[in-house]
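And the structure:
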């Protein structure tokens, strides 16, 4: 048996290498050599019979991983992915690793140790400081057995204007994970500070989401010592394919992972710290999102007539505001007393609220004013007056659990789903039809588009583009079906006259 598939010699007798205690007196006794040989053969045979050289397993996505047993204890190593769904290829890879050793790190990182990719000496030298260059010079002199004295540093005259200017060093190594983490750290990010200073609204919630992506995916795939400059488009593409195919992440999540890296890279380019974006040529994944469903007119009538007796009446009021006036859940939470003009029957949409950013601007940063029913305006203010801390700036949908905060948007969703079940739509049916609380905004858009111009619908919904309003209003309704029926009926009458 070869060294690759057996247990290679490491000095001493063969029996000692197999973990068998051998009496030195027996070894010296020539009459017992045959006994020792038989014992060695028996040990080796037992190991071959009861212990395989490696074990292949298939993950839920069909990729094979390999685990190697310890030749002494039999304990299996951690699973190592072969990055192939073909068992024959996986077996060949496992045999190669058994002979030559299991490579460390990810498949992307292995290329760094490939002799076909030599170290870029010019980049290496450019990153060294003066003291490091001196040390390297001494080491090379010793290596070449030529003790050459270090030449004196030449005096360079620098103009005052240039010497006072800070010139970024694109050759200075930038640790990948540190760069991504610092960029998305809302409290300490240079990017965030500069954007806010220029008057832009940066959502803390978005930063928190991207920081989580960096920790879950980037930091678990790339080694902490990897630098941004060492990344290539090919290995980044392989990283994203790994997330999509082996980890089973959705196309949307993988695209967000790309964004979590792409934005910091672009920022580093603007700062003059790197020359190029390694993600620039990497293709994004196609997202095939399921079309948003909406309740039918008959279902909406049932929901409106339903007595939401299982909860506070305020949740039915939130349902009305979403369905009749198209507010987002966060905008409903962000409504304050000063946003309701009961004399003019107007509602001012100026804020949105979430659990991370708290009270912020609306999604696109634009305020809007919409007309509302007088009865709804009265209901809104009556609910606000129930608040012990009622004021012009207190929340209309105020929280009874947390003082000074509104009801969270997710709470509106929970009670809406309960109402759906009350009118006979099961949770499975709701999910299959893809109906969520935001569907009420789509329902409102559809109703407006059937009765008013696209321009009016855009103003009520707060959309900046006609395309977005069309996307929201392209739902089949009974009105549309009746109109289609009338057109077909007229055509039939003409043909059969």
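Numbering (my numbering), first residue to last: 222 to 718.
Ideal Cβ positions, reconstructed from N, Cα and C, are used throughout, including at glycine.
Note that the structure is a prediction, hence the values are computed from the model and not measured.
Hey, would you say residue i sits closer than 8 Å to residue j, going by beta carbons?
i           : j           : result
residue 515 : residue 664 : yes
residue 437 : residue 397 : no
residue 285 : residue 275 : no
residue 558 : residue 510 : no
residue 481 : residue 401 : yes
residue 461 : residue 479 : yes
residue 277 : residue 293 : no
residue 404 : residue 425 : no
residue 394 : residue 453 : no
residue 519 : residue 630 : no
residue 589 : residue 563 : no
residue 543 : residue 661 : yes
residue 524 : residue 628 : no
residue 595 : residue 635 : no
residue 458 : residue 503 : yes
residue 473 : residue 581 : no
residue 681 : residue 591 : yes
residue 302 : residue 456 : no
residue 283 : residue 310 : no
residue 506 : residue 476 : yes
residue 599 : residue 541 : no
Quick check on residue i: does DSSP put it in helix, strand or coil?
i           : result
residue 321 : helix
residue 604 : helix
residue 618 : coil
residue 719 : The structure shown does not extend to residue 719, since the chain is modelled only from 222 through 718, so no value can be given for it.
residue 660 : helix
residue 410 : coil
residue 285 : strand
residue 650 : helix
residue 527 : coil
residue 629 : coil
residue 556 : coil
residue 562 : strand
residue 362 : helix
residue 499 : coil
residue 223 : Low per-residue confidence applies at residue 223: pLDDT is 41, beneath 50, and the placement is therefore not dependable, though the value from the model is reported in the following sentence. Note: residue 223 maps to coil in three-state DSSP.
residue 297 : strand
residue 581 : strand
residue 242 : For residue 242, the predicted structure reports a pLDDT of 45, less than 50, and the residue's modelled location is therefore unreliable. A value from the coordinates is still provided. Reduced to three states, the DSSP call for residue 242 is coil.
residue 521 : helix
residue 596 : helix
residue 611 : coil
residue 536 : helix
residue 515 : coil
residue 351 : helix
residue 250 : Low confidence applies to residue 250: its pLDDT is 47, below 50, so where it sits in the model is not reliable enough to give any reading.
residue 509 : coil
residue 635 : helix
residue 442 : helix
residue 455 : helix
residue 421 : coil
residue 549 : coil
residue 435 : helix
residue 504 : coil
residue 310 : helix
residue 483 : helix
residue 623 : coil
residue 490 : helix
residue 427 : helix
residue 655 : coil
Kindly identify the DSSP beta-bridge partner or partners of residue i.
i           : result
residue 569 : 590
residue 476 : Looking at the DSSP assignment, residue 476 forms no beta bridge with any residue, so it has no partner.
residue 448 : 396
residue 302 : 286
residue 574 : 580
Just checking my contact of residue i with residue j at CB under 8 Å: how many whole Å lie between their CB atoms?
i           : j           : result
residue 561 : residue 602 : 6 Å
residue 658 : residue 637 : 5 Å
residue 677 : residue 669 : 7 Å
residue 417 : residue 449 : Contact flag wrong, Cβ pair sits at about 24 Å.
residue 618 : residue 556 : 6 Å
Can you check whether the C-beta of residue i is within less than 8 Å of a C-beta belonging to chain D?
i           : result
residue 584 : Although the question refers to chain D, the structure presented lacks it and comprises just one protein chain.
Does the stretch 528–541 come close enough to the stretch 481–493 to have 3 or more Cβ pairs within less than 8 Å? no
Is the stretch 641–652 touching the stretch 581–588, taking contact as three or more C-beta pairs under 8 Å? no
Would you say the stretch 518–532 touches the stretch 608–623, given that touching needs at least three Cβ pairs under 8 Å? no
Three or more C-beta pairs closer than 8 Å, one from the stretch 603–610 and one from the stretch 539–552: is that the case here? no
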